[in-house]
Amino acid sequence: MNINHRQRRGFTLLEILSVLAIAALLTGGGLYAWTGYQQALRLEQSAQQLLDFFNRVQANAYWYNQTRTAWLIQQGGRWCIVSDAGRQVEDIGCGEENSLQYVPTVKEISVAKATRDSFAFYGLRNTAQAGHMTLMSPAGRLRLVISVRGRMRLCSEERQVLAIPLC
Numbered sequence: 112m113n114i115n116h117r118q119r120r121g122f123t124l125l126e127i128l129s130v131l132a133i134a135a136l137l138t139g140g141g142l143y144a145w146t147g148y149q150q151a152l153r154l155e156q157s158a159q160q161l162l163d164f165f166n167r168v169q170a171n172a173y174w175y176n177q178t179r180t181a182w183l184i185q186q187g188g189r190w191c192i193v194s195d196a197g198r199q200v201e202d203i204g205c206g207e208e209n210s211l212q213y214v215p216t217v218k219e220i221s222v223a224k225a226t227r228d229s230f231a232f233y234g235l236r237n238t239a240q241a242g243h244m245t246l247m248s249p250a251g252r253l254r255l256v257i258s259v260r261g262r263m264r265l266c267s268e269e270r271q272v273l274a275i276p277l278c
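Residue numbers for the sequence shown follow the numbering used here, beginning at 112 and rising by one.
Structure below.
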């Protein structure tokens, strides 16, 4: 009895197409999640940079025991925060590179709302004018809160952005 056992070698077309379809679905979902993560990361970094800028303005006011004001300037689609530090704000526009202003590095970050166009920091007792500013991007919204005692913090609005807690 001579039985011919043929072993299959390779894959069928159906098997290859199903593996490619599964790989495409996983790649598409991963790309979507990665894009959202990158947007959230850019929003968090911009908010942290703005918080650092406000901390520098506050430290400058405390060091010189003077009042320092940070102004929100919106020019069309662009915006920036400018510290007066002994200069007239009208002389400064967004785009100049200096340490007395914050210009967001990413264009997708915008100011959703702010309590006012100026934030004052007082040198005496290291206090501040209370207020908040909300930054927005496709990843969500982050609020920078300034208390009367000069404490500044970040919190997420609506949904949590990365590790920043909800307001």
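For each residue, glycine too, the CB sits at the ideal point set by N, CA and C. The structure presented is a predicted model; accordingly, all values stated were derived computationally and were not measured.
Three-state secondary structure (DSSP) of THR245: strand
Within 10 angstroms of the Cβ of SER282, are there 16 or more other Cβ atoms? Answer buried if so, exposed if not. Residue 282 lies beyond the residue range present for the chain, which begins at 112 and ends at 278; the question has no answer from this structure.
CB GLY261 to CB GLN169, shorter than 8 Å? yes
Cβ neighbours of ARG179 in the same chain (closer than 8 Å, five flanking residues each side left out): VAL168, GLN169, ASN171, ALA172, SER194, ASP195, ALA196, ALA231, PHE232, GLY234
Relative to the alpha-carbon of VAL222, which residue among ARG153, THR245, ILE133 has its alpha-carbon at the smallest distance? THR245
ILE275 beta carbon less than 8 Å from that of LEU253: yes
Please report the straight-line C-alpha distance between TRP190 and ASP163, rounded to a whole angstrom. 17 Å
For LYS224, the residue or residues it bridges with in DSSP: THR245
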